[in-house]
Every structure is written in structure tokens, then in C-alpha cells.
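Following: one structure in C-alpha cells, then a few remarks.
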Amino acid sequence: MGRVLLFQGLVGLTEAMYLWLVAAGLSLIFGVLRVLNFAHGALYMIGAYLTYAVFRAFGGNFWIALLVGPVLVALIGWVMEVVFLRRIYRVDVAFQLLLTFAFVLILDDIVKLVFGPVYQSPPTPRALSGAVMVFGSPLPTYHLFILAAGCAVALGLWLFLEKTRWGLLVRATSADREMARALGVRSSRLFTFVFMLGAWLAGLGGALSIPVRAISPGMGETIIIEAFVVVVLGGLGSLRGAFLGSLAIGLLHAYGIVFLPIFELALAYLVMAAVLIVRPWGLFGVREA
Amino acid sequence: MTAPERSRAWRTGAAILLCAAVLLVPVLFGKFAQYFALNVLLLVLLALSFNLLFGMTGLLSFGHAAFHAAGAYATALLLRGGAPLLPAVVAGALCAAALAAIVGAFCVRHTRVYFSMLTLAFGMFVYAIVWKWTDVTGGDDGLVGIPRRSLGLPGPFDVNLAPPRNYYWFSAVIVLVSAGVLHRLSRSPLGLALRAIRENAERAEFSGIRVRRTIFLAFVVAGAFAGLAGALLAPLEQTVAPTAAHWTKSAEPVMAALIGGPFSFAGPIVGAVVYLGIKELIVRYTEYWLLVFGLVLLGVVLAFRGGLLGAAESLLARRPWRLAPRPRTAPRKDAA
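This is the structure:
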């Protein structure tokens with residue numbers, strides 16, 4: 001029994017990695033732009049579809065697709081920020097939320113229009129199609145790859161934020177926007193960059209999901225609500241919080257299905273509500289003045 | 290007549306005409322129009338209740354469907370248990386109000402993004418419960434075969450509501466009365482306090498308004514009317530499904546209020562009519578009607594944040610034949 005539970009936990013952590021990639025972008029964007037991007041789940045979905053399209057176009061090379069797909073999503077992010085979002089930073093927050101919501105509707109239907117409303121499921125790349133024995137059960141090699149990729153992104157983001165000049169600007173703007181601007185940070189370029197980075201992360205999550213999760217137009221709606229739960233849990237704007245929050249929700253799902261099959265789904269929302277009530281700035285966020 | 294008096298006379302006249310038109314629908318049109326009109330009326334009620342929080346108070350709730358579903362499920366369960374219609378509908382609205390009181394007690398502590406997130410969390414929590422608690426709610430299939438028999442009043446006042454036409458009149462009267470109550474409320478001291486909170490919550494607090502208690506009241510009232518809309522929907526469709534609680538349902542009143550204009554009382558009414566009307570038209574040509582609404586929403590948010598009514602108002606204010614400035618800003622020379 002103990003080994004089965006450990007294995008179940010490992011599967012939960014794998015699932016948590018997709019959530020982490022989406023939540024990381026969501027949290028990063030909120031930290032810097034102060035916009036809660038409802039369309040982030042749609043970007044995840046677009047990432048999956050575009051990667052799949054590139055995969056087909058390049059004769060089934062998964063690695064090229066993985067490289068190109070998320071970059072295309074970042075370009076969509078560029079359009080969203082430069083053409084649309086930028087115009088309403090001064091308006092009430094509710095309208096910013098609604099603008100991103102409009103993008104959910106638009107992107108969902110465009111995908112249905114272009115790719116059709118049915119499920120698609122491309123094959124796992126050959127190099128990762130095997131399985132390894134972990135805790136006495138077979139774990140697909142691809143799951144290990146996902147775990148590694150998720151942790152690599154976490155490490156990369158940490159290095160970027162702590163060790164580079166742009167990372168410094170991102171942190172400064174996130175901590176105190178007015179002060180950063182007063183000290184000469186060109187916020188408009190930074191906003192565009194951060195939005196594209198966030199979109200790229202969501203796209204990467206979608207791209208990585210295609211060999212194991214079926215692609216469907218509704219896949220973004222499920223993950224965005226989960227990502228909201230995660231960023232609220234970890235604290236809006238905190239990347240460390242987003243990472244740990246994703247792991248927590250992944251484990252909650254993995255074990256919830258075993259122990260509380262009926263209320264597993266409700267539990268996540270209850271946790272989210274409880275955190276918002278007790279610590280609205282999240283478990284790892286910084287309290288706003 | 291002075292300008293404000295004239296405008297009030299216009300509005301009263303328009304409201305009376307509208308009520309008459311609503312009540313005449315079953316006489317003038319066919320079954321489909323009657324069904325469609327009732328759907329519009331129920332969305333109007335939902336959107337008006339939502340706008341009590343959004344347009345009036347400036348709080349964007351993303352969990353309004355939870356109260357809608359609470360009303361619908363409570364009424365459906367009571368009707369299936371053999372209760373007469375009127376008590377079941379009232380009980381549905383009260384259940385929604387009770388849920389709103391619980392949720393609202395927590396939500397009023399927050400504003401802006403945190404308010405939206407918390408209402409979303411509670412809304413999805415209710416959805417998850419409805420979806421998984423199969424024994425009571427029927428789970429994924431929902432509740433089917435909801436009976437619609439008699440009103441439940443004694444003797445000669447009892448009406449058989451099984452014919453769609455009778456049910457239409459019953460629901461229409463309730464919606465019209467509710468709209469009247471909400472309109473009265475928006476002009477009451479509570480409504481003024483809510484607007485003061487929207488403009489500047491801190492200042493409102495200093496001028497003696499108990500901000501949290503006032504928002505809480507609005508939250509419960511909004512929840513009750515959203516529940517009433519749900520309670521009337523259940524016997525109309527004779528089924529309830531968990532989608533009634535999903536966040537995509539919460540988005541409907543948001544759209545209606547935004548398209549019509551959240552800053553005037555009639556905005557959500559116009560918005561609900563336009564929203565369902567356009568939807569009905571578009572789905573005949575394409576299944577991608579959400580794409581069209583996404584584009585409409587985009588345009589509204591970028592260019593017409595006052596919605597259709599706001600746009601119409603600013604257009605009227607710019608009447609080319611009016612040479613002097615508007616009377617509200619400065620009295621015209623000839624009037625002096």
C-alpha cells in the first residue's frame with residue numbers, strides 16, 4: 001500500500017508540472033502588469049494546438065514542434081499586449097479582466113474553427129515512449145521527462161530573475177511599480193516582454209501536454225481555474241508560491257481521488273476560498289499596503 | 290416641464306409600454322416567441338441582480354451562477370417532492386439568499402481582484418458539489434421531470450400553471466415586480482450608499498456609511514433575485530443541470546450588463562435582450578457564436594465601456610442642432 005501511495009504521489013507531481021507552467025506565467029504577469037489574465041488557459045490550449053500543427057507540418061518531429069510552438073504562442077501574447085491590453089491599463093481592473101475573458105471566447109472558437117471540435121491525440125516521441133519501474137509500478141518515461149522539464153523551467157526562471165538585469169527589472173517592477181518607473185524602468189517594454197514570457201510558459205505547458213493528454217478546445221477552461229487556485233494559494237505574483245502551490249494541488253488531486261473521490265474537486269476550491277479569506281496575499285506572497 | 294421632469298415622464302411612459310408589451314407577448318405571438326421572451330426575462334432578472342453589485346457598487350462577481358443554481362435546485366427538489374409552485378419558488382429565492390449570506394459574509398472583506406477571485410472560488414465550489422453529489426442533485430444528469438402543477442393559493446385564486454401561457458404570465462409578473470423593486474432600491478438610500486462606495490469607498494466610510502454592512506446587504510439581495518431567476522427557470526425547462534452553476538453561466542449576466550451598459554438601471558435589460566437576440570440570430574448561421582460575442586465584448590471594453598446605453602447617451606449629448614452647452618452643465622441663455 002505504501003508503495004502504491006508513493007507512486008500515486010509521483011503521478012500527482014507530474015500532473016502538477018503542467019499546472020506550474022501555466023500558473024508561473026499567470027503569476028508573473030499579475031506581479032508586473034497587475035492584470036489577471038483569464039486567457040492564460042486559452043494560451044495553454046493554443047500552445048497545444050500550434051505545437052501539434054507544427055508537429056504535423058515538420059513530418060512528425062516532436063522536438064522541432066516543442067521549440068517552435070511555444071514561440072508562436074509568445075507572438076500571440078505580443079499581439080494581445082501591444083494591440084489590446086495596453087490601451088486599458090488605466091481603466092478599472094474589472095474591464096481588464098473582461099478583456100482577457102473576451103480573448104478566451106475568441107481563441108476557443110478560432111481553434112474550433114481551424115482544427116475542428118474533436119479530440120486529437122498525437123503519439124509520444126519515440127525516444128520517450130518506454131516506461132521505468134518506480135515503487136513497483138511502471139511509470140512512462142515521458143512522465144519523468146515532464147518532471148525534469150518542469151524543474152528545469154523553475155530553475156531557469158529563478159536564474160533569470162536573480163542573475164540577469166532584465167530579471168532585476170521584473171522584480172523591481174513587481175515589488176513597487178511606481179518606484180521602478182520613477183527610477184527609469186521603461187515599463188511599456190517590460191510589460192510586453194513579461195506578457196510574452198508568460199504566454200511562452202503557458203504555450204510550453206500546452207506543448208508538453210500533447211503526447212499524454214488529449215487535445216480539445218475546452219482544455220484551457222479546466223486548467224485556468226486550477227491555475228487560479230494555485231496562484232491564489234501561493235500568492236499572486238509569487239513564483240515560488242506558484243511552484244509549491246502547483247505541487248500541493250497536484251498531490252491533493254492525486255490523493256483526493258483515492259481517499260475522497262466525491263469531494264476531491266470541491267476540496268481544491270474550498271482551499272482556494274479559505275486562503276483568500278485568511279491570507280488573501282497567499283501563503284508565499286507579500287502583503288500589499 | 291423642466292428637463293428632468295420631462296425625462297422622468299419619458300422613462301415612466303417607456304416602462305409602462307414595456308410592461309404592456311411583455312404581458313401581451315403570449316397573445317400576439319406564437320409559442321416560440323413566448324418561450325424565448327421568458328428566457329430573456331429571466332436573464333434580465335439575473336443581469337439586474339448582478340448589476341446591483343457590478344454597476345452600482347463596482348464589484349465584479351464571477352460566481353453569480355451559484356445563487357442562480359441554488360434557487361433552481363431548491364425549487365426543483367421541492368416541486369419533485371410535491372410542493373405547490375408559489376411556495377417552492379419563494380423557498381428557492383430564500384435558499385439562494387441564505388447561500389449569499391454565507392458567501393457574502395466572507396466576500397465583503399475584499400474588493401477588486403480579490404473579490405472576483407473569491408466569488409469565483411465559491412461559485413466553482415458550489416458547482417463541484419452540485420456535479421458530484423449525485424444522490425441529491427442527480428450529478429451530471431441534473432434533475433429531470435420537474436412537475437409544474439398549480440400555484441398553491443387557496444380556492445378560486447389557484448391557477449393551473451401546466452399550460453405554458455399561464456406559466457409565462459406568472460413568471461413575467463414576478464420578473465416585472467422584481468425589476469420594479471430593484472429599481473426602487475437603486476434610488477433608495479441603500480442605492481445611494483452603494484454608489485458612494487463605488488466612487489470612493491474610503492470617503493464613504495468616513496462620511497458614516499458602514500461599507501461592509503452595506504455591501505453585504507446588496508450581496509444578499511442580489512443573491513436572492515438571482516435565485517428567484519433560477520427558481521423560475523427550473524419549472525420552465527422542467528430540468529436543471531449542473532451547468533446552471535458553472536462559471537460560464539456566471540459570465541452571462543456579466544455580458545448582458547456590459548453590452549447594455551452597467552452604469553444605468555436599464556442597461557442590463559437592454560443588454561439581456563440584445564445578448565439573447567443576437568445569440569438566437571447567430572446560431573442559425575454559425576455555431577461559432579461565442580467568437581462573435583468575444584469580438585463584441587472586445588469592442589465594448591476598448592471603446593464603449595458605458596455599453597449601448599452609454600454610447601447612445603453620449604451621442605444624444607453631442608446633438609449637432611444643440612448649439613448651447615447641455616443644460617446640466619450651464620443654463621442656456623434663452624432660459625434665463
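Chains as they are written, first to last, in our numbering: chain A, 1 to 289; chain B, 290 to 625.
Every residue, glycine too, gets a C-beta built ideally from N, C-alpha and C.
Nothing here was measured: the structure is a model prediction, and the numbers come from that model.
Does residue i get closer than 7 Å to chain B when you measure Cβ to Cβ?
i             : result
residue 257/A : no
residue 106/A : yes
residue 289/A : The predicted model places residue 289/A with a pLDDT of 45, which falls under 50 and marks its position as unreliable, so this point remains unresolved.
residue 176/A : no
residue 266/A : yes
residue 219/A : no
residue 272/A : yes
residue 276/A : yes
residue 49/A  : no
residue 269/A : yes
residue 260/A : no
residue 43/A  : no
residue 26/A  : no
residue 33/A  : no
residue 140/A : no
residue 19/A  : no
residue 125/A : no
residue 283/A : no
Can you pull the chain A residues whose beta carbon is under 9 Å from the beta carbon of residue i, in chain order?
i             : result
residue 405/B : 36, 93, 94, 97
residue 391/B : Simply none; closest approach about 11 Å.
Please check if any C-beta of chain A sits within less than 7 Å of the C-beta of residue i.
i             : result
residue 580/B : yes
residue 583/B : yes
residue 380/B : no
residue 395/B : yes
residue 577/B : yes
residue 459/B : no
residue 414/B : yes
residue 572/B : no
residue 597/B : no
In chain order, what residues of the same chain lie with their CB nearer than 6 Å to the CB of residue i, ignoring the 5 residues before and after it?
i             : result
residue 23/A  : 227, 230, 231, 242, 246
residue 125/A : 62
residue 447/B : 439, 440
residue 614/B : Interpretation of residue 614/B is limited by its pLDDT of 47, a score under 50 that renders its predicted location unreliable; the figure taken from the coordinates is listed afterwards. Correct list: empty, nothing qualifies.
residue 296/B : none
residue 326/B : 314
residue 556/B : 549, 550, 596, 598
residue 409/B : 351, 352
Going along chain A in order, which residues have a C-beta closer than 8 Å to the C-beta of residue i?
i             : result
residue 547/B : 98
residue 540/B : 101
residue 472/B : Result: empty, since nearest Cβ-Cβ is about 23 Å, beyond 8 Å.
Say the cut is 6 Å; is the CB of residue i nearer than that to a heavy atom of the ligand FMN?
i             : result
residue 232/A : The ligand FMN is absent from the structure shown, which contains no ligands of any kind.
Can residue i and residue j be called in contact, C-beta distance under 7 Å?
i             : j             : result
residue 267/A : residue 256/A : yes
residue 44/A  : residue 223/A : yes
residue 562/B : residue 390/B : no
residue 102/A : residue 586/B : yes
residue 111/A : residue 217/A : yes
residue 546/B : residue 340/B : yes
residue 338/B : residue 600/B : no
residue 343/B : residue 349/B : yes
residue 360/B : residue 519/B : yes
Keeping to the same chain, check which residues put their C-beta closer than 7 Å to that of residue i; ignore five residues upstream and five downstream.
i             : result
residue 29/A  : 35, 37, 194, 195, 198
residue 205/A : 18, 21, 22, 44, 47
residue 532/B : 538
residue 407/B : 395, 396, 399
residue 329/B : 561, 562, 565
residue 270/A : none
residue 483/B : 345, 346, 503, 507
In chain order, what residues of the same chain lie with their CB nearer than 8 Å to the CB of residue i, ignoring the 5 residues before and after it?
i             : result
residue 137/A : 3, 4, 7
residue 253/A : 12, 15, 264, 268
Output, in chain order, the set of chain B residues within a Cβ distance shorter than 8 Å of residue i.
i             : result
residue 232/A : 406, 410
residue 110/A : 580
Identify the contact partners of residue i in chain B, using a Cβ-Cβ distance below 7 Å as the criterion.
i             : result
residue 102/A : 583, 586, 587, 590
residue 263/A : 421
residue 280/A : 399, 403
Identify the contact partners of residue i in chain C, using a Cβ-Cβ distance below 7 Å as the criterion.
i             : result
residue 402/B : The structure shown contains no chain C; its protein chains are A and B.
Pull out every residue of the region 77-92 of chain A whose Cβ sits closer than 8 Å to any Cβ of chain B, in chain order. Under the 8 Å Cβ criterion, the region 77-92 of chain A contributes 84, 87, 88, 91, 92.
Just by C-beta distance, which residues in the region 416-439 of chain B are closer than 9 Å to chain A? Of all residues in the region 416-439 of chain B, those with a C-beta nearer than 9 Å to a C-beta of chain A are 416, 417, 418, 420, 421, 422, 423, reading in chain order.
Check distances from the C-beta atoms of the region 329-350 of chain B to those of chain A and list, in chain order, the residues that come in under 9 Å. Per Cβ criterion, the list reads 343, 347, 348, 349.
Which residues of the region 224-252 of chain A have a Cβ closer than 8 Å to any Cβ of chain B? Give them in chain order. The residues in question are 225, 228, 229, 232, 236.
Members of the region 499-515 of chain B near chain A, C-beta cut-off 7 Å: Here the close residues number zero.
Name, going along the chain, the residues of the region 190-206 of chain A whose beta-carbon falls closer than 7 Å to a beta-carbon of chain B. Of all residues in the region 190-206 of chain A, none has a Cβ within less than 7 Å of some Cβ in chain B.
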